[in-house]
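Novice:
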Amino acid sequence: PSGILVGFRISMSLIYFVMINPIAGIGVHDPLHLVSVPPHNATTVCGCGCECTTNPKGAPLCCQRPQPKRVPFFLPQYVTNDTHMTCQPYRPPPNCKRLITPKDVYPIRSPFDTLQHVASIARGQDVVEIGSRQGDSIDCISRAARRATTQEMMRPYCRTLRARAKQTGLFNVVCRQFPKPPVINAEAYIGWWMGFLNPQFIYVVHKLQEEGVLRASAKMILTFHDYGEQWEIWNRISPFASSFSLCPFYEPTATDKRDRRGRLLVAIFHPAEINMAVFEKRFRTEVFEMGALNGKPWHKKGY
């Protein structure tokens, strides 16, 4: 009987480590499980689901999650993150709610809670924002970035952006369509478009990296709403993301009371590391079905 009991315990342990334990990570297709299970002593101080723990000296450390990986073949519907995390000293994002007087309200611009999270990702880096409207987002992000540039194709917005850049002295303004040359070579590219444009943007940046126009290490920071078409696109694009966070927000000045609370997903992509043959096959049909580009080649459009 003792031998049977030992065998049973070993079998149950194997079942746990092979089947249950991987699922305890991150299910990128399940909006309810978008963050890894934190350690017992973790405290959420980074915002947007980034778990932090404390090192022996008491300083908070913000965890950066690695590339997702697939679990055993008999559970193909799940994609999980490794439980190992690398840590870096935590620094709070700029308080853009207090520092900035916005020219737009949500949902015309992104929520301040989301902007502050993106600013924390861009901290200390050379960043380019593609499409800034009146500049609320780049005004926030530039307060954390090492160098910030906005690239805007609409002339009325360009005039507003130039005036704002002159007032703050925190960012540069380029008034031309992306990716018309000369293309700015940055560490990170930020976009706020409708979901179906995000795959195209990834494709274009990947091609520019292949051609040596952009550095191979450049990353992209993109956002998705947690409902509707954008969530549909996210479900298809999520296996290609390096990391992501689901960011709750509250905007008391939103145009509609129903829009004051919600969630935006912020994802980081490294286009140079993406298998573009698989990526293009996954998205070409869906984008054409949505009529996004009126029959034009889906990866040729500028922004």
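Under mature numbering (1 follows the signal peptide of the UniProt record, and there is no 0), the residues of the sequence shown are numbered -25 to -1, 1 to 278, in order. Using N, Cα and C, we set each Cβ at its ideal position, and we do this for glycine too.
#1: How big is the Cα-Cα spacing for W167 and I105?
#2: Taking the alpha-carbon positions, what's the F258 to T198 distance?
#3: Per DSSP, R236 forms a beta bridge with which residues?
#4: What three-state label does DSSP hand I83 in the structure shown?
#5: Cutting at 6 Å between CB atoms, please list the residues of its own chain near P68, excluding the five before and the five after it.
#6: Which residues bound the alpha helix (DSSP H) around W121?
#7: Smallest Cα separation from residue 321: which of R66, L189, L136 and I83?
#8: The alpha helix (DSSP H) spanning V179 covers which residue range?
#9: Determine the contact status of residue 280 and I243, defining contact as a CB-CB distance below 8 Å.
#10: Can you give the Cα-Cα distance for P174 and F153, rounded to whole angstroms?
#11: Excluding sequence positions up to five away, which residues of its chain have a Cβ less than 6 Å from the Cβ of R137?
#12: L36 by DSSP, collapsed to three states: which one?
#13: So I113 packs on F146, CB below 8 Å; how close in whole Å?
#14: By Cβ distance, which residues of its chain are closer than 7 Å to I75, with the 5 residues on each side in sequence left out?
#15: Measuring alpha carbon to alpha carbon, tell me which residue in A229, T89 and V103 is nearest L189.
#16: With a CB to CB cut of under 8 Å and the five nearest residues on each side skipped, what residues in its chain are close to residue 280?
#17: Within 10 angstroms of the Cβ of P131, are there 16 or more other Cβ atoms? Answer buried if so, exposed if not.
#18: I need the straight-line Cα distance from S213 to K78, nearest angstrom please.
#19: Can you tell me whether D231 is buried or exposed, with buried defined as 16 or more other CB within 10 angstroms of its CB?
#20: Would you decide whether Y164 is buried or exposed? Buried here means 16 or more other CB atoms lie within 10 Å of its CB.
#21: Which two residues bound the contiguous beta strand (DSSP E) that contains G166?
#22: Return the chain-ordered list of same chain residues with a C-beta closer than 6 Å to the C-beta of R139, the five sequence neighbours on each side being excluded.
#23: Compare the beta carbon distance of D201 and L221 with 8 Å and say whether it is the shorter of the two.
#24: Name, in chain order, the residues that DSSP records as bridge partners for S220.
#25: Could you give the DSSP three-state label for V102: helix, strand or coil?
#26: Where DSSP assigns a beta bridge to L74, which residues make up the other side?
Specialist: In terms of the structure at hand:
#1: 8 Å
#2: 17 Å
#3: Y225
#4: coil
#5: Q91, A94 and S95
#6: In the sequence as presented, Trp is not what sits at residue 121; that position holds Arg. Premise fails: R121 is in no alpha helix (DSSP H) and is neither H nor E.
#7: The displayed coordinates of the chain run from -25 to 278. Any statement about residue 321 would go beyond what the structure contains.
#8: N173 to E185
#9: A question about residue 280 goes unanswered here, because the residues of the chain that appear run from -25 up to 278.
#10: 15 Å
#11: V148
#12: With a pLDDT of only 42 at L36, under the threshold of 50, the placement of this residue in the model should not be trusted, and no figure is reported.
#13: 5 Å
#14: D111, D114 and C115
#15: V103
#16: In this structure the chain extends from -25 to 278, so residue 280 is not present and cannot be described.
#17: exposed
#18: 32 Å
#19: exposed
#20: buried
#21: A163 to G166
#22: G110
#23: yes
#24: V241
#25: strand
#26: For L74, which the question treats as bridged, DSSP gives no partner whatsoever.
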